[in-house]
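If you read the sequence shown in this note's numbering, its first letter stands for residue -5, the second for the next number, and so on.
A quick write-up on the structure given underneath.
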Amino acid sequence: MNETLEPFGVGIIGCGRIVGHHVAAIEASSDLQLLAVCDLDEQRARDMAPRSEVNVYRDYHRMMEENSGIDVVAIATPSGLHFPQAREVVERWGKSVVIEKPPTLKFTELDDLIEAATHCGAQVFPVFQYRFNAPVQRILRGIEEGDLGAPRIVSIRQRWCRTQRYYDQSAWRGTYSLDGGALTNQGIHHLDLVQYLAGPVSEVFALKATFASDIQAEDTVVATLRFESGAIGSLEITTATRPDDVESSISVIGENGYAILGGWATDKLLAYSPRPEDTQTFSQSNADAYGLGHHDIYAGVVRSLRGEGEPAVTNSDARQALQLLHALYVSADEARPVALNEQVEFQPLGNPDRSLWAIYETALS
Ligand SMILES: NC(=O)c1ccc[n+]([C@@H]2O[C@H](COP(=O)([O-])OP(=O)(O)OC[C@H]3O[C@@H](n4cnc5c(N)ncnc54)[C@H](O)[C@@H]3O)[C@@H](O)[C@H]2O)c1
């Protein structure tokens, strides 16, 4: 039987820098239909509506009330707003949510959101799209199939340039309440990738600093890592590189070989000792640092909503990244090694700052 399934209706809240990747992935899928887009700045929303039938809003409450066909809502607003907005969408309208990284700023918020979603019959889909860059998938396969073998040393280096102008673009950037610093905003992809490739981190010792921009949070974190598997590693994440981006890399020294993933967009396989020719086949040239992985994220959304398989990134994957994030902050703050099983939370991250939040508030209706 050739059964045609209805596409899932999608709404989007937040039409800034990243939203184009959501729109492109949704529009490319015959299983999804973009119904509405919303931004406090209506012109931004209008600019992102790819077709005239896509409804445009300033107020996402109205968007939800007037578009009953929405099944899933993509949230691409400032990071600190993900939790209150996602929980409202889940609880008030019973809809599933795709949430930009980091899904929430506190991992206890993620727990709360998942519980609410489960209660309301909705699903939560985190976005860590770097996983789907071709060199990442090659390295993962090399680890699983034994070419590289079990990782022994794993190193992350994200040396990017984000100037004061970048931080001054929007009030939320670089604040603990709505964003975090280099570790939370730019580094979170690597906190996911490193555990995707090498398994859970068990202990960290971190240092942090703010070198190059006038922001509340850090622009640099350096740390050592110990993994549950016994592997060890290092991490250097900074937005204080000048004058431009240098690299976004991960190297894996495995029991049978080594791999280096690099380029400024985490898209080049620079070395792969088991099959050097794979460096050509598995290197990409992404147009920007965000890559093409949003397509894989939305394929996972469809799969999971149809009950046909797992999403691309699970909630426990996302929790693991957030736990590592907080362990690194607490380690740097308290100048001590932190074990992940302490489940510590760095309090300033995600604490509401009412005057800042007021800029982005959609009044209750
Ligand atoms: N996956 C990735 O690689 C990636 C890349 C960049 C950004 N992000 C994430 O996406 C999110 C947004 O980042 P950005 O760089 O696009 O930010 P941005 O500041 O460019 O865009 C955010 C947009 O949200 C809108 N907004 C804020 N509050 C709103 C509300 N209550 N209702 C409707 N719209 C509202 C703002 O007007 C703005 O247009 C952040 O969480 C960020 O971490 C992810």
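For each residue, glycine too, the CB sits at the ideal point set by N, CA and C.
What separation, rounded to the nearest whole angstrom, lies between the Cα atoms of Ser245 and Gln180? The residue labelled residue 245 in the question sits at position 251 within the sequence shown. The residue labelled residue 180 in the question sits at position 186 within the sequence shown. Here the C-alpha atom of Ser245 lies approximately 18 Å from the C-alpha atom of Gln180.
From Met(-5) to Val4, what distance separates their C-alpha atoms? What you label residue -5 is simply residue 1 of the sequence shown in a count that begins at 1. What you label residue 4 is simply residue 10 of the sequence shown in a count that begins at 1. Because the pLDDT at Met(-5) is just 46, under 50, the model does not fix this residue reliably, and the point stays unresolved.
Is Gly3 helix, strand or coil when you go by DSSP? Position 9 of the sequence shown holds residue 3. Strand at Gly3.
Measure how close the beta-carbons of Tyr124 and Gly287 come, nearest whole angstrom, since I'm counting them as under 8 Å. Position 130 of the sequence shown, counting from 1, holds the residue named residue 124. Position 293 of the sequence shown, counting from 1, holds the residue named residue 287. Indeed, because the Cβ distance is near 6 Å, the residues count as touching under 8 Å.
At least 3 beta-carbon pairs within less than 8 Å: the region 169 to 189 vs the region 345 to 357: The region 169 to 189 is in contact with the region 345 to 357.
Under the criterion of a Cβ to heavy atom distance below 7 Å, does Ile137 qualify as lining ligand 1? Taking the first residue of the sequence shown as position 1, residue 137 is located at position 143. Not under cutoff, so the answer is no.
Could you tell me the boundaries of the alpha helix (DSSP H) in which Tyr170 lies? Position 176 of the sequence shown, counted from the start, is the residue given in the question as residue 170. Taken as a continuous stretch (DSSP letters only), Tyr170 belongs to no alpha helix (DSSP H), as it is neither H nor E.
Please report the residue range of the alpha helix (DSSP H) in which Leu322 lies. Along the sequence shown, one-based indexing puts residue 322 at 328. Boundaries of the alpha helix (DSSP H) around Leu322: Asn309 to Glu328.
Have a look at the DSSP bridge pairing and note the partners of Ser228. The residue labelled residue 228 in the question sits at position 234 within the sequence shown. Looking at the DSSP assignment, Ser228 forms a beta bridge with Ser149 and Thr218.
Local Cβ density within 10 Å of Asn127, reported as buried at 16 or more and exposed below that: Translated into the one-based positions of the sequence shown, residue 127 becomes position 133. Buried is the call here.
Is it true that the CB of Asp186 sits closer than 8 Å to the CB of Ala315? On the sequence shown, residue 315 is found 321 positions in, with the first residue counted as 1. On the sequence shown, residue 186 is found 192 positions in, with the first residue counted as 1. For Ala315 and Asp186, yes; Cβs fall inside 8 Å.
Contact set for Leu219: own chain, Cβ-Cβ below 8 Å, skip 5 residues either direction: For the purposes of this step, residue 219 is taken as residue 225 along the sequence shown, with counting starting at 1. In its chain, beyond the 5 residues on either side, Val148, Val188, Val195, Glu197, Val198, Ile226, Gly227, Ser228 and Leu229 have a beta carbon closer than 8 Å to the beta carbon of Leu219.
Would you give the residue range spanned by the alpha helix (DSSP H) that His352 belongs to? For the purposes of this step, residue 352 is taken as the residue at position 358 of the sequence shown. The question names His, but residue 352 is Ala in the sequence shown. Arg348 to Ala352 is the span of the alpha helix (DSSP H), which, as asked, contains Ala352.
For Gly303, which residues of its own chain have a beta-carbon under 6 Å away from its beta-carbon, when the five flanking residues on both sides are left out? Locating residue 303 in the sequence shown gives position 309, where the first residue counts as 1. Arg297.
Is any heavy atom in ligand 1 found nearer than 7 Å to the beta carbon of Lys95? On the sequence shown, residue 95 is found 101 positions in, with the first residue counted as 1. Lys95 Cβ: within cutoff of ligand 1.
Can you have a look at Ala326 and say buried or exposed, based on whether 16 or more other CB atoms are within 10 angstroms of its CB? Counting from 1 along the sequence shown, the entry for residue 326 is found at position 332. Its Cβ being crowded by 16 or more others within 10 Å, Ala326 is buried.
Sub-8 Å separation of Phe101 and Val295 beta-carbons: Taking the sequence shown and counting its residues from 1, one reaches residue 101 at position 107. Taking the sequence shown and counting its residues from 1, one reaches residue 295 at position 301. The answer is no: Cβ separation not under 8 Å.
Does at least one heavy atom of ligand 1 sit under 7 Å from the Cβ of Pro72? The residue you call residue 72 lines up with position 78 of the sequence shown. Shortest gap from the CB of Pro72 to any heavy atom of ligand 1: under 7 Å.
Excluding sequence positions up to five away, which residues of its chain have a Cβ less than 7 Å from the Cβ of Asp213? On the sequence shown, position 219 is the one that residue 213 refers to. Same-chain partners within the cutoff: Gly175, Ala176, Thr204, Phe205, Ala206, Ser207, Thr232, Thr233 and Ala234.
How many angstroms separate the CA atom of Arg429 from the CA atom of Gly301? The first residue shown for the chain is -5 and the last is 359, placing residue 429 beyond what the model contains.
In its own chain, which residues sit with a C-beta less than 8 Å from the C-beta of Ile108, not counting the 5 before and 5 after it? For the purposes of this step, residue 108 is taken as residue 114 along the sequence shown, with counting starting at 1. Its chain contains Val118 and Asn309 as the residues whose beta carbon lies nearer than 8 Å to that of Ile108, once the 5 sequence neighbours on both sides are disregarded; these appear in chain order.
Any heavy atom of ligand 1 closer than 7 Å to the beta-carbon of Val17? Position 23 of the sequence shown holds residue 17. Every heavy atom of ligand 1 is 7 Å or more from the Cβ of Val17, so no.
Tell me whether Leu(-1) is buried or exposed, calling it buried when 16 or more other Cβ atoms sit within 10 Å of its Cβ. Here residue -1 is taken as the residue at index 5 of the sequence shown, counted from 1. Here Leu(-1) is exposed, its C-beta having fewer than 16 other C-beta atoms within 10 Å.
May I ask you to report which of helix, strand or coil DSSP gives Asp208? As a working mapping, residue 208 is identified with position 214 in the sequence shown. Reduced to three states, the DSSP call for Asp208 is coil.
Cα separation between Thr356 and Pro270? Numbered from its first residue, the sequence shown carries residue 356 at position 362. Numbered from its first residue, the sequence shown carries residue 270 at position 276. Taking the straight line from one Cα to the other gives about 53 Å.
Quick check on Thr275: does DSSP put it in helix, strand or coil? As a first step, residue 275 must be located in the sequence shown, where it is residue number 281. Collapsing the DSSP output to three states places Thr275 in a helix.
Going by Cα to Cα distance, which pick from Thr178, Glu60 and Arg236 is closest to Ala312? One-based indexing of the sequence shown puts residue 312 at position 318. Taking the Cα of Ala312 as reference, the smallest distance to any Cα among Thr178, Glu60 and Arg236 is reached at Thr178.
Run of the beta strand (DSSP E) containing Phe119, from where it starts to where it stops: Walking along the sequence shown from the start, residue 119 turns up at place 125. Per DSSP, Phe119 belongs to the beta strand (DSSP E) from Val118 to Pro120.
Determine the burial state of Pro97: buried for a count of at least 16 other Cβ atoms within 10 Å of its Cβ, exposed for fewer. Indexing the sequence shown from 1 puts residue 97 at position 103. Pro97 should be labelled buried.
Can you list, in chain order, the stretches of the alpha helix (DSSP H) that have 4 or more residues and sit fully within the region 167 to 201? List check, alpha helix (DSSP H) in window: 176 to 179 and 182 to 192.
Restricting to Cα atoms, I'd like to know which of Ser277, Tyr54 and His15 is closest to His289. Along the sequence shown, one-based indexing puts residue 289 at 295. When C-alpha distances from His289 are compared across Ser277, Tyr54 and His15, the shortest belongs to His15.
Counted within 10 angstroms of its Cβ, other Cβ atoms place Arg132 as buried (16 or more) or exposed: On the sequence shown, residue 132 is found 138 positions in, with the first residue counted as 1. Label assigned to Arg132: buried.
Should the region 321 to 339 be called in touch with the region 43 to 51, which here means at least 3 C-beta pairs below 8 Å? Segments in contact, no.
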